[in-house]
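Notes follow the structure.
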Amino acid sequence: MKKIKIIKAFGIFVHALIFGVCLYGTAARANNTSIVEKIQQQTLQVSGTITDANGALLGVSITVKGKPSGAVSGLNGKYTIEVASKDILVFSFLGYKMVEIPVNNQTIINIQLEEDTTQLKEVIVNAGYYSVKDKERTGSIARITAKNIETQPVTNVLATMQGRMAGVNITQTTGMPGGGFAIQIRGQNSLRSTGNDPLYVIDGIPYSSEAIGSSSTSTVLAGLTSPLNSINPDQIESIEILKDADATAIYGSRGANGVVLITTKKGKVGKTRFTGNYTTGLGSVTRFMDLMNTEQYLAMRREAYGNDGVTVYPRNAYDLNGAWDQNRYTDWQKALIGGTAEITNMNASIMGGSAQTQFLLSGNFSKQTNVYPGDFRYKKGNVQLNVNHGSENKKFHILFSGGYTAQDNNQPYFDLTRESRLLAPNAPELYDAEGNLNWQNNTFTNPLRNLNGNYSALTYDLLANAVLSYQLMNSLEIKTTFGFSDLRHEESSTAPSTLYNPAYGIGSDNSVLFLNNANRQTWIVEPQLNWNKTLGKANISLLAGGTFQNKTGTQLVHQALGFPSNSMIYNLAAASNVTITQNDGSVYRYQAFFGRANLNWDDRYIINLTGRRDGSSRFGPGKQFATFGALGVAWLFSNEKIVKDNKILSFGKLRFSYGSTGNDQIGDYQYLDTYSTTGIAYEGIVGMEPSRLYNSKFGWETNKKLEIALETGFLNDRIFFTAAWYNNRSSNQLVGVPLPGTTGFSSIQANLEATVENRGLELTLRAINFQGKDFSWSTQFNFSASKNKLIAFPGLEGSTYRNQFVVGQPLNIVKVFQFKGVNPETGIYQFEDFNGDGIVSETDDKQTVKDLNPQFFGGIQNQLKYKQFQLDFLFQFVKQENYNAIRTFSMPGTRNNQLAETANHWQNVGDNAPNQVYSVSNSTIRNAYFQYTESTASISDASFIRLKNVALYYDVPTKWPKDIQCRLSIQGQNLLTITKYMGADPEFKIYDYLPPLRLFSAGAQFTF
Amino acid sequence: MKTIKKYIKIGLLHFVAFTFLCNSCDNFVEVELPDSQLTAPDIFEEMATANAAMTSIYSKIRDSGLLTGSPNGLSHQLGNYTDELEYYGSSQNVTIDFYNNALSASNNDLRGLWSATYNQIYATNAILYGAENSTKLSMDNRDQLRGEALFVRALLHFYLVNLYGDIPYIINTDYTQNSTVSRLATLSVYTAIKADLVEAIALLPENYLNSNRVRPNKLTARALLARLNLYAGMWDDAANEASAILNTNLYVWEDNIDHVFLKESLSTIWQLSPAQSDNNTEEGSTFIFTSGPPPMSALNSNLVGAFPLGDLRRTHWIGEVTNGTNTWYHPNKYKHTLTEGGSQEYSILFRLAEQYLIRAEARAHLGDLTGAKEDLNKVRNRAGLPNTAAQSATDIITDILEERRFEFFTELGHRFFDLKRTNQLTNILSVSKPYWNDTDSLLPIPASELLLNPNLAPQNPGY
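One line per chain: the protein sequences are D and S, in this order. Each residue of the first sequence is one higher than the last, beginning at 16 in this note's numbering. Each residue of the second sequence is one higher than the last, beginning at 803 in this note's numbering.
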């Protein structure tokens, strides 16, 4: 009951905010109407000159607020326009701050526009411990802002970045609401599949992205529940991704895989403003597989038994032996995962403040159902408060942000996707005449049984931080950041007796409840000193600071068995047996000192030095500390005299960086030889088992990064182009070395003298294609091509990795059989026998290397504006190979459905067919089939071009009082996918989970 | 004045923060162990924790790997592999591959079976190491722990060698050795098992640690030794070991056929305690069903039909389910599912009837036909059958093997191992199992194991 209350409270909160907005609006309108009436109508001609710091500006658009009339400044910046005396003129030009001026009977209005520092190269970029002007930065930092985030009807922060940033590869792992995303910044650095996550930092506070789920409860997701869903995209002002050594070395041991800096929205000076936003939409699965119909399927089954010489269909061949109607046909994909999900999102905020104090209070509520039959939904509510205060003398500042997020996810016990593809097309009806689940006299394992079990997750996340700073002297500032986070996660899954065929005769005394309670608390204190001085042509900035971080985590997993009735399955007290299967605690401590020295000579030459000494509790005595550092240099050649006043080249910078970072994502206590409690009793004694194979000698993994980049702006930066080339090498790889089962475990933690290289090219282009009075069009393009390569691996041949890796090849490869088609004589799949011993064997003949990394990826984003209309759309593209649908199915002939194209198969000697002869259980055919699923045939092109996001906005002309703005929008996500992929959706990490959804939504936003 | 005050305040605030933190700098990154873990040497400081380490092995054996009563264990899988069970369940399960004799070296579930067993062996070696190096435990305690660990290590290798043929014999926890280990010839594995058992017998106490027989004693190790000798054709030794058990009054022959599998039965030599005090066995949940067609496996009707008329096991150890037109049968030795009915049955790994039949077979081979018949009749009579009519040694042995089929069906793969040791697998199974091949007498070494450790090559024939 508690969960419902809390989530409801968010709904009420958001409603209250919206209601407040409405009340305020009514009052404002009443006031304004009376003002309007007092002013007489009078027509004037206004003229003037528009300039900027360098002189006249051509092409500035001048509009009358709330009216269709407008003009554009001509040569020498001159303009004229017809207006009424009470009108307000709006001057806007890309790259400059918009200015509004009331006419008030003036006939000449001259104006100097200021360059807008929030656009283009004047942007201030958050680099973590310091900020830097975009044009002066020496490091590689990609950025998206609220403008791009708000166009997307998604709830996960990683979803908002997909396709928009060079070098950042993001994959959605499931379309299940509350599911996760996988992210890789500049490729895979670590041999460990779990050691490639970037560091997330929210408003200066590191946010642990380690999974909070448990394998016994996160059954429905493709992976364990991720805490990142707690971050609310609506409240993000900007996301910066730090990529190279110069930007990441100040994060030392945690910077190897890049750093994601998330900055939340802050209050602004000005009159109190309300914003309310409501969006609602629908979602459905992007792509289905093309499967056999009943006729094709039954023909396959009969032929398979025929081939095996079986004349009497066995008792368990229900699809053929009469137990099931052979005339039925159900498209199981439609029936099970073909539904429509509903999404609703509303948020409201109040913002305002004086010169000394500003605030922002916002609330958000979102809800999403899923595509299964049945009533499942994901809800999220969130409040965020931000207060900013400066003392009168402007020396002391305090900034506080606090946010609280609650999530409530309710899904079935298990993903239905795989069953929807494998179920025989003539399988019986889901429900019998009475509306109960149909088990067809125990012959039908009804897929909807999974809906009887439940996955439910409640996550509460509190995040608070404060920054205190004081200007000691003109050039010296002292600052301390305090952060605290408290994450509580309650996850449960139920496996009631109704999950099973009633033939087992299982009652509620066999129903099981799994509970997972995970808590995580972090505190961090980071004192810092900042010194900044201009001496002649030199500007020097120094920064020194320290970090003390403590993270404690606990996880308690219960298993409760046997209930008097299934309706009491959530009541632990009603269970006849409660076992604690896991009760873990962990402490992670982290300590560091860091510094930065930056010299800017005449805005032409910039040198940036950063360093960090890190200590981590994840390593054994003597291995805890390590030092990291980087050098970054930049040359702004456009500020050199020769090119300074060039009409075409408006900006030019060459930058270089080199340095080292580390990686300590290995989990806690791995260096200890311990026994852990199993939670499982024997004779009343709860067991203790060896936790792992023991190795205390492992140390830091280091990552050396090199980058060279060119940034250029043309035609007053209307075209802005950057090219970056990087080469990163990680060595001293910390891995769980896979071991054969005979060692008792599957791996051991150790450093390997292996080196992994990631190099690549990243291009971005930003262009204002057209800028007119009513119409403007801009394009942003990003492209990343990267090569991942295992450079060195001493002793690879003798190690357990020899089947997984090849020196000179990427890490994410698989070694498979080389498929050679179907033998026309025997009708059986053939594979290359590499060692020529006449036997195709797993050990010797899996020799063909397939690379599953994307070769290149990127996005093209366009923004078109026409009067009050704005259209944004983003195409995402990925060139890659991946596992195809062959991996989903089992041998053609068995009691599982198949791809429709499998019907094209070998039947008679001499046939040239793509698929082999059907069989139910012939061991030779079966063996060939297993090899087929592990061969080149099972990996094929999974490239795609996807219309990732479309957003159309319409600013309603304000017939209303002038300061109410209303914006209507239509948005779409994953609208169109162009691909040759053999299978369902080409975007996945683990196949056979629910593919990403295609979403349509419509929304309205009010601001005043 | 105001500014200066503020200045001081801010300075003070930072000063306090700095000093507080810097005082704890030195050992800031050293952390304590969490409550849920103990270091390995600490485990062997006290018998209570060492005991928890030992019993954890038994619970693993009960819940996973070869000997579990759950559907993944040998009782169910080898029942389907041979002619004991018929499979009706999902085609997604490895059991269908057992049933069709179509096992694949790449199958993940098979890999799990292998790894789970070696993980249990690792745990026994960790106990041996810990107990040997313990300075705090008493001699008696150390002997107890070592004896049990050696026995379990022998037991697990015994099943492995009979399933996979030549296998590595793992005797320590050193992963550098164990990751490159080679397969040991079957005969040498037998020798190693025997050596472990002999040592275990010397170390283990005569009596059980507690009345419910869930920890092995000296005679449990001898029971396995008797079986090992039977499999190896060492008739004298087999008969002697069996006699050692049959001659004590620790075990009492259970005349009532319905009491054999009760947890109090005094004919039980070793059984596994359930996880919860009011639980029954995994076997019960695996085999029992209440309506047809069966959701998973049912007894093969040929087996049901083969029981002689009047055999009480046919009526008492087999359950029947009918839907009006069809009838299906299930093993009903364990009569309760895991959670139903309160605690009545434990999973039995060794019981007295086996020792009688071991001695009967050994005696028949040694020419003691009277003794052989006496032992065989003991088992027959309890099942309500008359004394055997067989006269010659060969006929008696044939009768004993037939008796084993009826006595031990769906118990830990006895049927498979009996057919295998008497070289009858193909003879008998190729009749009832259409996909049976000669090479199915050995399971495949998991392909991933061969990849990770090429010293395990070659793969068993046929895979």
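Glycine included, each C-beta is placed from N, C-alpha and C at the ideal position.
| task | Could you work out which residues of chain S lie near Met755/D, taking near to mean beta carbons separated by less than 7 Å? | result | With the sequence shown as reference, residue 755/D is identified as Pro, and Met is not the correct amino acid for it. Those are Ser981, Glu1251, Leu1254, Asn1255, listed as they occur along chain S.
| request: May I ask you to list the residues that DSSP assigns as paired with Thr692/D? | output: The partner list for Thr692/D (beta bridge, DSSP) reads Met703/D.
| request: Ignore the nearest five residues each way along the sequence and tell me which others in Leu725/D's own chain have a CB closer than 6 Å to its CB. | output: Once the five neighbours on either side are set aside, the close Cβ partners of Leu725/D are Leu669, Ala738.
| query | Between Glu950/S and Asn1102/S, is the Cβ-Cβ spacing less than 8 Å? | reply | In this structure, Glu950/S keeps its C-beta atom at 8 Å or more from the C-beta atom of Asn1102/S.
| field | chain S contacts made by the segment 506 to 518 of chain D, where a contact means CB separation under 9 Å | value | Along the segment 506 to 518 of chain D, going in chain order, the ones with a CB nearer than 9 Å to a CB of chain S are Tyr515, Asn516, Pro517, Ala518.
| Around the C-beta of Val1233/S, are 16 or more other C-beta atoms found within 10 angstroms, so that it is buried, or is it exposed? | The residue in question, Val1233/S, is exposed, as its Cβ has fewer than 16 Cβ neighbours within 10 Å.
| With 16 as the cutoff for other CB atoms within 10 Å, does His504/D come out buried or exposed? | Under this definition His504/D is a buried residue.
| message | Is there a Cβ of chain D sitting closer than 8 Å to that of Asn1266/S, yes or no? | response | Nothing about residue 1266/S can be reported from this structure: the residues present for chain S run from 803 to 1265 only.
| request: Using only alpha-carbon positions, find the residue among Ala590/D, Asn613/D, Ser799/D that is nearest to Asp1080/S. | output: The residue with the shortest Cα to Cα distance from Asp1080/S is Ala590/D.
| query | Name the chain D residues that come within less than 7 Å of Leu930/S, Cβ to Cβ? | reply | In chain D, no part has a C-beta under 7 Å from the C-beta of Leu930/S; the shortest such distance is about 12 Å.
| Could you give the uninterrupted runs of the beta strand (DSSP E) lying entirely in the segment 794 to 834 of chain D, keeping only those of 3 residues or more? | Along the segment 794 to 834 of chain D, the beta strand (DSSP E) occurs as fully enclosed runs of 3 or more residues at 828 to 831, listed in sequence order.
| field | Those runs of the alpha helix (DSSP H) which lie wholly inside the segment 1184 to 1261 of chain S and span at least 4 residues | value | Within the segment 1184 to 1261 of chain S, the complete alpha helix (DSSP H) runs of at least 4 residues are 1195 to 1209, 1216 to 1223, 1227 to 1234, 1249 to 1254.
| Are the Cβ atoms of Tyr419/D and Thr509/D separated by less than 8 Å? | Against a cut-off of 8 Å, the Cβ pair of Thr509/D and Tyr419/D comes out as no contact.
| Local conformation of Val983/S per DSSP, three classes | It is coil, neither helix nor strand.
| query | Met113/D: buried (16+ other C-beta within 10 angstroms of its C-beta) or exposed? | reply | Under this definition Met113/D is an exposed residue.
| query | When we look at the beta-carbon of Lys963/D and count the other beta-carbons within 10 Å, is it buried (16 or more) or exposed? | reply | Looking at its Cβ environment, which holds 16 or more other Cβ atoms inside 10 Å, Lys963/D is buried.
| Given that Leu708/D touches chain S, what residues does it touch there, using C-beta distances under 7 Å? | In chain order, Tyr977 make up the part of chain S whose C-beta sits under 7 Å from the C-beta of Leu708/D.
| Straight-line CA distance for Arg628/D to Tyr94/D? | One Cα belongs to Arg628/D, the other to Tyr94/D, and the distance between them is close to 59 Å.
| For Ala1077/S, does the three-state DSSP call read helix, strand or coil? | Reduced to three states, the DSSP call for Ala1077/S is coil.
| Are the C-beta of Tyr475/D and some C-beta of chain S separated by less than 8 Å? | No - not a single Cβ of chain S is within 8 Å of the one on Tyr475/D.
| Quick one: what's got a C-beta closer than 7 Å to Gly194/D's C-beta in the same chain, skipping five residues either side? | Hits under 7 Å: Thr188, Leu236, Ala237.
| message | Would you say Leu1227/S lies against chain D (beta-carbon separation less than 8 Å)? | response | Not one chain D Cβ lies under 8 Å of Leu1227/S.
| query | From Asn1257/S to Ser936/S, what does the alpha carbon distance come to, in whole angstroms? | reply | Computed Cα separation, rounded: 34 Å.
| message | Looking at chain S, is there any beta carbon in it that lies within less than 8 Å of the beta carbon of Gln606/D? | response | Yes, contact with chain S.
| Does DSSP put Val8/D in a helix, in a strand, or in coil? | Residue 8/D is absent from the structure shown; chain D starts at 16 and stops at 1023.
| Is it right to say Asp660/D is buried, meaning 16 or more other beta carbons lie within 10 angstroms of its own, or is it exposed? | Per the 10 Å Cβ criterion, exposed.
| request: Could you tell me the distance, in whole angstroms, from the CA atom of Ile940/D to the CA atom of Asp1242/S? | output: Cα-Cα distance, rounded: 16 Å.
| task | Give the straight-line distance between the Cα atoms of Glu252/D and Asn171/D, rounded to the nearest whole angstrom. | result | When rounded, the distance between both Cα atoms is 15 Å.
| message | Between Met113/D and chain S, is any beta-carbon pair separated by less than 8 Å? | response | Chain S contact via Cβ: absent.
| Val402/D to Asn141/D, Cα distance in whole Å? | Distance from the CA of Val402/D to the CA of Asn141/D, rounded to the nearest whole angstrom, comes to 19 Å.
| Could one say the Cβ of Arg902/D lies closer than 8 Å to chain S's Cβ atoms, at least one of them? | No - not a single Cβ of chain S is within 8 Å of the one on Arg902/D.
| Could one say the Cβ of Asn1266/S lies closer than 8 Å to chain D's Cβ atoms, at least one of them? | Coverage of chain S is limited to positions 803 through 1265, which leaves residue 1266/S absent and any answer about it impossible.
| task | Express the C-alpha separation of Ala1100/S and Gly270/D in angstroms, rounding to a whole number. | result | Using only the alpha carbons, I get a separation of about 58 Å.
| query | From Asp844/S to Ser691/D, what does the alpha carbon distance come to, in whole angstroms? | reply | Going from the Cα of Asp844/S to the Cα of Ser691/D covers about 12 Å.
| task | Taking only the alpha-carbon atoms, compute the straight-line gap between Lys788/D and Phe959/D and give it to the nearest angstrom. | result | When rounded, the distance between both Cα atoms is 37 Å.
| Can you name, in chain order, every residue of its own chain whose Cβ lies under 6 Å from the Cβ of Phe820/D, other than the five neighbours on each side? | Closer than 6 Å at the Cβ level, and outside the excluded window around Phe820/D, lie Leu805.
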